[in-house]
Amino acid sequence: MNFTRRTVLASALSSAVAFAGPSTAQELPYGLQDGKPYDGTTLNILSVVTPQFDGLKLRDAEFTELTGIDTEWTFIPFGSLQEKLTAEGVAASGQYDLVNYLDSWGPPNAHWLKSIDELMAADDISMDRYPPAFAKSAQYEGETKGFPLRAHAQLMFYRKDLIDTPPATWEEVVSIGKALQESNPDIAPLALYFNNDGNRQNLFVWLNFLWAAGADVFDDEGKPAWGSDAGLKATEDYIALHTEHGVTNEASLSFVEQDARQSFMQGKSAMIPVWWWAYSSMINPEQSTLTEDQVGFAGMPAYGDEAVTYAISMPFSISTYSENQDAAWEFLKWLSNPELEKRNATEREVGGESIVNNVVTHVANLTDDEVNAANAGIQKAAYDSLANSDIMPQIPEWPEVGDLLSSAIAEAAAGGDVRELMTEAAEQATKVLKRAGRI
Amino acid sequence: MITGRTRRRLLETCQVIAILAFIAIMLVPILWIALAAFKEHVDVYQLKLVFEPTLENFSRVFAEPYDLGTKLFNSTIVAAVTVVIAIPIATAAAYAFSRFRLRGQTLLLVIILATQFVPAVVIVLPFFLMFRDLGLLDTLTGLVIVNLAIVMPFAVWMIKGFIDGIPIDTEEAALVDGSSRLQVIRNIVLPMAAPGLVTAGIFCFIIAWNEFLFALILTSKKAVTLPIGLALFKAEEGDLWNLMAAAGIIIMVPMFILALLIRRHFVQGMTMGAVR
Amino acid sequence: MRDRTLKYLLVAPAVLVVGATAVWPLYESLRLSMHAGRLSRPDFPQVFVGADQYTWAFFEQPAFWNSVWVTASFTLVTVALTTLLALCFALLLARGGRFRSGVQSLLILPFAMSPALIGVSFRFMFNPEFGLFDAFLGRLIPGAENINWLSDPTMAFWVVVIADVWGWIPFLTLVLIGGLASIPQETQEAAQVDGAPAWKVFRDVTLPQLLPVLAVVVILKAIFSLKTFDLVFMLTNGGPGNATQTLSHYVYFNGFKYAEFGYASAVAWLMVIPMMVLTYFYARFVFDRE
Chain A
8 MNFTRRTVLA SALSSAVAFA GPSTAQELPY GLQDGKPYDG TTLNILSVVT
58 PQFDGLKLRD AEFTELTGID TEWTFIPFGS LQEKLTAEGV AASGQYDLVN
108 YLDSWGPPNA HWLKSIDELM AADDISMDRY PPAFAKSAQY EGETKGFPLR
158 AHAQLMFYRK DLIDTPPATW EEVVSIGKAL QESNPDIAPL ALYFNNDGNR
208 QNLFVWLNFL WAAGADVFDD EGKPAWGSDA GLKATEDYIA LHTEHGVTNE
258 ASLSFVEQDA RQSFMQGKSA MIPVWWWAYS SMINPEQSTL TEDQVGFAGM
308 PAYGDEAVTY AISMPFSIST YSENQDAAWE FLKWLSNPEL EKRNATEREV
358 GGESIVNNVV THVANLTDDE VNAANAGIQK AAYDSLANSD IMPQIPEWPE
408 VGDLLSSAIA EAAAGGDVRE LMTEAAEQAT KVLKRAGRI
Chain B
484 MITGRTRRRL LETCQVIAIL AFIAIMLVPI LWIALAAFKE HVDVYQLKLV
534 FEPTLENFSR VFAEPYDLGT KLFNSTIVAA VTVVIAIPIA TAAAYAFSRF
584 RLRGQTLLLV IILATQFVPA VVIVLPFFLM FRDLGLLDTL TGLVIVNLAI
634 VMPFAVWMIK GFIDGIPIDT EEAALVDGSS RLQVIRNIVL PMAAPGLVTA
684 GIFCFIIAWN EFLFALILTS KKAVTLPIGL ALFKAEEGDL WNLMAAAGII
734 IMVPMFILAL LIRRHFVQGM TMGAVR
Chain C
91 MRDRTLKYLL VAPAVLVVGA TAVWPLYESL RLSMHAGRLS RPDFPQVFVG
141 ADQYTWAFFE QPAFWNSVWV TASFTLVTVA LTTLLALCFA LLLARGGRFR
191 SGVQSLLILP FAMSPALIGV SFRFMFNPEF GLFDAFLGRL IPGAENINWL
241 SDPTMAFWVV VIADVWGWIP FLTLVLIGGL ASIPQETQEA AQVDGAPAWK
291 VFRDVTLPQL LPVLAVVVIL KAIFSLKTFD LVFMLTNGGP GNATQTLSHY
341 VYFNGFKYAE FGYASAVAWL MVIPMMVLTY FYARFVFDRE
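Residue numbers (our numbering), protein chains in the order written: chain A, 8 to 446; chain B, 484 to 759; chain C, 91 to 380.
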């Protein structure tokens with residue numbers, strides 16, 4: 008066989024393309040257009056601060072080499088990202104070509120985020136490459152607005168030095184909790200977070216209960232449906248963990264998610280249902296008093312017959328105010344490709360900088376052996392968690408309605424009447440939705 | 484039998500204790516935050532007084548993505564320029580209000596005071612839209628304009644108080660002698676009011692330095708100021724208290740120094756306008 | 091140049107600066123309040139809705155009235171507490187002497203802390219698991235360790251009050267010390283020579299002369315309390331629920347979190363009215379002292 012340069016190059020490229028997915032007519036991998044049609048363009052990217060995206064940024068020289076497109080990343084810490092996004096929408100200046108946002112901020116901004124369905128079809132990219140919940144979080148009213156590059160599944164973390172078998176149901180959580188209160192009174196069994204600080208975090212676990220009971224937030228007509236019998240019972244059982252069974256950390260009333268995580272990491276609580284990414288900080292001695300031997304994780308407990316979990320994501324989208332939308336699409340294709348994502352979760356160093364990241368969102372990577380081997384198997388656990396998973400309603404009025412719910416739950420946990428509070432919330436939510444013309 | 488003198492001493496001791504308690508309550512929170520600035524993230528959550536101090540927090544807040552150095556620079560420029568523009572304008576108006584009777588002076592004063600006494604939240608949205616159309620979003624110029632609106636009432640009010648306290652005789656004598664009003668202002672009033680002007684200037688500097696809401700809404704990348712830096716420590720993982728405390732110290736220390744400088748004149752200026 | 095023209099020229103720059111930077115946005119925000127102003131739809135600010143948003147606030151939004159209530163009670167409580175405490179401390183510190191002078195200098199320090207910073211610090215200190223105040227008060231008052239300061243609506247309200255009062259006492263104490271210092275000693279000494287007890291001297295002689303300064307303090311503090319935003323934003327973000335959501339915070343939430351700029355402007359304008367009333371009285375007060 009003649010190993011000409013061309014054959015070698017072609018085979019190298021085709022293996023890259025084969026890994027990247029269905030090949031197209033172009034020679035470049037990841038569906039990128041050859042001939043550098045956008046050479047010289049600079050793309051501005053608005054992104055949240057996270058090691059995962061640091062890792063991507065440090066590698067994007069590869070992209071520039073393939074396409075001649077330069078990139079400039081602006082990292083904004085999470086606490087200010089929403090204001091930034093809102094401001095960008097109002098300013099309509101196209102200052103950023105690509106924006107990163109929390110999925111629940113998508114709907115109010117959807118009118119200026121580019122729908123990419125046609126582009127995806129032309130490049131043979133399908134949302135099937137993501138778990139359904141993740142895919143849904145980047146879509147609005149049937150249109151795909153972006154790719155969920157950063158997305159999370161819920162897991163139950165527990166002290167495996169204190170608990171032999173993780174709870175498979177919420178009833179087991181209670182019984183384990185009570186046993187723990189006898190044997191280890193110094194540590195609170197379960198760290199929940201009921202406080203309402205405007206971020207709706209106390210809904211994350213509530214949704215597990217609601218959905219597993221067969222109820223939902225809205226019905227098919229978009230009207231509030233959490234006031235159904237099943238919904239109310241589910242809510243009562245969620246609140247009962249604190250008020251009736253008393254297996255939660257007493258401070259759970261004032262905890263927001265980060266306080267609960269701190270409580271676990273400081274050894275003050277023995278179980279916590281929270282995002283999978285919390286794992287790396289739990290075993291990091293700079294942030295936690297716990298060691299790897301002490302932290303175990305399992306899927307979320309079931310309520311009734313099944314466990315339905317809540318998934319959240321931070322997609323990347325193209326701004327319709329951008330003047331470089333085609334170039335931005337090239338970048339998005341490269342940024343979201345599974346091979347890059349795999350490297351970002353297995354390689355611990357990029358150009359001398361240490362990057363610790365376990366977030367992958369492609370199905371292929373969640374189930375990949377190498378990725379799991381590098382991350383204590385947490386991706387597989389997350390993938391299982393995502394098998395039966397959903398997201399919060401994608402409507403622009405969700406922040407307001409969600410806050411009503413969050414407020415009701417906080418008050419209920421503090422001792423209020425669950426049914427009364429949830430029904431009131433439903434009435435007020437109906438008013439809000441009517442006024443917005445949604446129902 | 485408690486003599487009068489013992490009684491007075493007892494009273495004095497009680498008062499001293501009360502004062503010490505008061506000062507403790509006032510200062511302990513500041514000291515506690517200062518301590519946190521030197522702690523590792525893990526130590527912050529233990530109520531430890533003894534720990535291994537680290538300067539790492541300070542170096543981290545100056546690095547990306549928090550970039551406190553740029554914010555420090557922005558805050559300094561915005562506050563300084565605001566003061567440099569506001570004080571002369573305010574002095575002119577204050578002099579006029581003090582020495583003359585103007586038609587509709589209550590109305591004029593209300594207008595000038597209106598900006599401070601109207602909640603920032605009311606006008607931040609139109610400001611945002613106005614700046615967007617003028618291309619002033621995320622610029623230091625924009626922030627200066629906004630801060631001018633905020634500090635003007637304080638400046639006018641304080642300086643008027645100082646000028647009120649200057650006896651009018653010297654001016655009248657000079658006027659009779661043939662000086663023009665402007666000369667009187669330049670040669671007599673300004674030198675005498677100088678301490679008051681400096682006080683008002685520093686007071687306005689502090690206000691502009693600490694301004695939060697406008698900076699939050701009207702800046703995004705290049706013109707962000709120090710107080711917004713605080714909001715940046717609300718990360719996805721939660722609040723980074725140790726970094727926040729370090730940033731807090733960087734924000735506070737210049738202000739402490741300035742505040743100490745004006746302490747003596749400060750109270751005078753505050754009350755002169757109201758006490759006769 | 092004649093004085094007559096000069097005096098208006100002297101005032102003009104200040105009025106112009108304010109006119110351009112405050113009066114115009116006030117007008118704009120009034121205009122915005124009468125449009126739908128939803129940022130989540132295209133073609134901002136969309137249709138003209140007249141007084142619709144005002145009616146919505148008044149009649150359909152319990153959250154609005156909650157904010158009114160929170161703001162009103164917050165203002166009343168903080169003004170009363172701050173004035174009272176500042177007066178006590180001013181009386182304690184007014185006597186002069188090196189010790190007291192030194193303490194007065196220290197008082198200026200908390201003033202240099204911005205409300206945002208105070209909010210963050212207090213949130214840190216009242217955290218039930220690792221907060222300093224929580225540990226301290228928990229040991230001091232039996233039963234207090236179980237209080238979840240920031241998650242109980244009543245307690246959270248009081249924490250915000252405490253943080254606000256803490257922040258303002260130093261400043262107002264200094265103002266009152268200045269006020270006390272300008273009261274002629276003779277009147278007080280005369281009363282004491284007459285044999286009147288200290289509290290009577292205070293009530294009948296000192297207080298009436300202190301009234302002008304006291305009035306300034308009260309009006310000022312009321313205005314600042316009504317406007318409270320930074321503190322709430324950093325301390326509780328309006329929570330738990332909306333137990334600490336002042337009007338300013340309510341406006342911010344509706345405008346920037348729910349993207350309802352039109353409605354937020356309407357509520358904001360409803361706040362302007364009491365402010366203008368207070369400002370007018372303050373201005374009259376300052377001028378009538380001539």
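Quick reminder that beta carbons are idealized off the backbone N, C-alpha and C, glycines included.
Burial state of residue 258 of chain C, where buried means 16 or more other Cβ atoms lie within 10 Å: buried
Let me know the secondary structure DSSP gives residue 50 of chain A once reduced to three states. Correct three-state label for residue 50 of chain A: strand.
Determine, for residue 433 of chain A, whether the minimum Cβ-Cβ distance to residues of chain B falls below 9 Å. Against chain B, the CB of residue 433 of chain A has no partner CB under 9 Å away; the residue lies outside that interface.
Touch test, the segment 436 to 445 of chain A against the segment 267 to 276 of chain A, Cβ-Cβ under 8 Å, three pairs minimum: no
Establish whether the CB of residue 693 of chain B and some CB of chain C are separated by less than 9 Å. yes
Nearest chain B C-beta to residue 250 of chain A closer than 9 Å, yes or no? no
Applying the 10 Å Cβ sphere with the 16-neighbour rule, what's the burial state of residue 53 of chain A? buried
Outcome for residue 363 of chain C when other beta-carbon atoms lying within 10 angstroms are tallied against a minimum of 16: exposed
From the DSSP output, which residues share a beta bridge with residue 154 of chain A? Its beta-bridge partners are A:323.
Would you say residue 150 of chain C reaches chain A, if we count a Cβ-Cβ gap shorter than 9 Å as a contact? yes
Buried or exposed: where does residue 18 of chain A fall if 16 or more other Cβ atoms within 10 Å of its Cβ makes it buried? Summary for residue 18 of chain A: the model assigns pLDDT 43, below 50, so the residue's position carries little reliability, and this model does not support an answer.
Output the boundary residues of the beta strand (DSSP E) element that contains residue 105 of chain A. 105 to 107
Using a cut-off of 8 Å between C-beta atoms, extract the partners of residue 541 of chain B located in chain A. The premise fails here: residue 541 of chain B is roughly 16 Å from chain A at the closest Cβ pair, so nothing lies under 8 Å.
First and last residue of the uninterrupted alpha helix (DSSP H) at residue 277 of chain C: 275 to 283
Kindly say whether residue 438 of chain A, judged by its beta-carbon, lies nearer than 9 Å to any beta-carbon of chain B. no
Are at least three pairs of beta-carbons, each pair with one atom in the segment 246 to 254 of chain A and one in the segment 183 to 196 of chain A, less than 8 Å apart? yes
Contact set between the segment 403 to 425 of chain A and chain C, restricted to residues whose Cβ is under 7 Å from the partner: 403, 406, 407, 414, 417, 418 and 421
Is the segment 333 to 342 of chain C touching the segment 156 to 168 of chain C, taking contact as three or more C-beta pairs under 8 Å? yes
Suppose you measure from the CA of residue 118 of chain C to the CA of residue 141 of chain C; what does that come to, to the nearest Å? 15 Å
Going by other Cβ atoms of all chains shown within 10 Å of its Cβ, with 16 needed for buried, is residue 486 of chain B buried or exposed? For residue 486 of chain B, the number of other beta carbons within 10 angstroms of its own is below 16, and it is reported as exposed.
Answer with buried or exposed for residue 28 of chain A, where buried requires no fewer than 16 other C-beta atoms within 10 angstroms of its C-beta. Confidence at residue 28 of chain A is low in this model, with a pLDDT of 45, below 50, so the placement of that residue should be treated as unreliable; the coordinate-derived value is given next. The C-beta of residue 28 of chain A has 16 or more other C-beta atoms within 10 Å across all chains shown, which makes the residue buried.
contact_flag[the segment 120 to 138 of chain C, the segment 115 to 132 of chain A] where n(CB pairs < 8 Å) is 3 or more: yes
Less than 9 Å between the beta carbons of residue 204 of chain C and residue 693 of chain B, yes or no? Yes, these two residues count as a Cβ contact at 9 Å.
Counting contacts by CB-CB distance shorter than 9 Å, is residue 205 of chain C in contact with chain B? With 9 Å as the cut-off, residue 205 of chain C counts as an interface residue toward chain B.
Check whether the Cβ atoms of residue 343 of chain A and residue 121 of chain A lie closer than 9 Å to each other. no
Against chain E, does residue 274 of chain C count as a neighbour if the rule is that its beta carbon must be under 9 Å from one of theirs? No chain E appears in this structure, whose protein chains are A, B and C.
Expressed to the nearest angstrom, what Euclidean distance is found between the alpha-carbon atoms of residue 348 of chain A and residue 125 of chain C? Taking the straight line from one Cα to the other gives about 46 Å.
Alpha-carbon spacing of residue 362 of chain A relative to residue 297 of chain A, whole angstroms: Residue 297 of chain A has its alpha-carbon roughly 21 Å from the corresponding atom of residue 362 of chain A.
Contact with chain A by residue 511 of chain B, beta-carbon distance below 9 Å: When Cβ-Cβ separations below 9 Å define contact, residue 511 of chain B makes no contact with chain A.
Distance, residue 706 of chain B Cα to residue 555 of chain B Cα: 10 Å
To the nearest angstrom, report how far apart residue 822 of chain B and residue 247 of chain C are at their CA atoms. Residue numbering for chain B in the displayed model covers 484 to 759; residue 822 of chain B lies beyond these limits and cannot be assessed.
Exposed or buried, which one is residue 204 of chain A when buried takes at least 16 other CB atoms within 10 Å? Residue 204 of chain A comes out buried.
Supposed contact pair residue 280 of chain A and residue 161 of chain A - C-beta distance, whole angstroms, cut 8 Å: 6 Å
Entirely within the segment 154 to 205 of chain A and at least 3 residues each: give me those beta strand (DSSP E) ranges in chain order. 161 to 166 and 195 to 197
With contact counted as at least three CB pairs below 8 Å, one residue from each stretch, are the segment 632 to 650 of chain B and the segment 672 to 682 of chain B in contact? yes
Separation of residue 211 of chain A from residue 512 of chain B, as counted between CA atoms: Computed Cα separation, rounded: 34 Å.
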